[in-house]
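Each residue of the sequence shown is one higher than the last, beginning at 1 in the UniProt record's numbering.
This report refers to the structure that appears directly beneath it.
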Amino acid sequence: MTISPLSALPRVRMLGRHPQGGPAPLFYTAAGFVCRFTGSELHLHLNAGFTMYEPWLSVELNGAWIARFPVAAGESEICLFRGMTPGVPKTVRVLKDVQAMHDDPAHFVQITGLSAPDGEFLPLPAPACRLEFIGDSITSGEGALGAQCEEDWVSPFFSAVDHYARMTADALGADWRIVSQSGWGLLSSW
């Protein structure tokens, strides 16, 4: 299978803020992509690094949250789905669950491409509107997952899916992005 960079796939919509061309860095919470694809399987190619706070990604298929996983350091290939009916359009959304982790300067994740043995990317419907959510820990998804008693500040407890911004954007049919960092308020910080 040939790996195609996202910049070569105009029908794949990037989510979040990204430079043009090259690997797509996922910096803020909810950075990622969405696409409609007709193939029987689809693979995501990543490059990542961290010292302590691994990046976590979530995968949605046809509107359902089907997977959540930490990304291994180095280059990796993740099968997003396999064995599905060829020719039937599937909507896939991949989101970074965690913010940029300022306590771990080595923390990063990049999408280096997508690959599939068959299928084509279809046009996505135009969003009804575009939203940008700006905030601190709540907007970063901190504490959205985990037991109620948890107080540790670790990346598995962040979520971009179980999140008010995603729910709001989906209810409005909006394209959305998040600019946020825990502890960095617009008026004051901790």
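C-beta: ideal position from N, C-alpha, C; glycine also.
Taking a contact to require three or more Cβ pairs closer than 8 Å, the stretch 167-184 and the stretch 37-51 do not qualify as touching. Check the Cα spacing between F157 and each of M14, A169 and A147: the tightest is with A147. Of the candidates A8, L26 and L6, the residue whose Cα lies closest to the Cα of Q110 is L26. Taking the CA atoms as reference points, G39 sits about 42 Å from E151. Annotation for T139: F133, A165, I178 and S180 place their beta carbon closer than 7 Å to its own, counting only its chain and skipping 5 residues before and after.
In this structure, the CA atom of E75 is about 27 Å from the CA atom of N62. The beta-carbon separation of S155 and E54, rounded to 6 Å, stays under the 8 Å limit for a contact.
Checking the DSSP bridge columns, you'll see N47 partnered with E75 and Q110.
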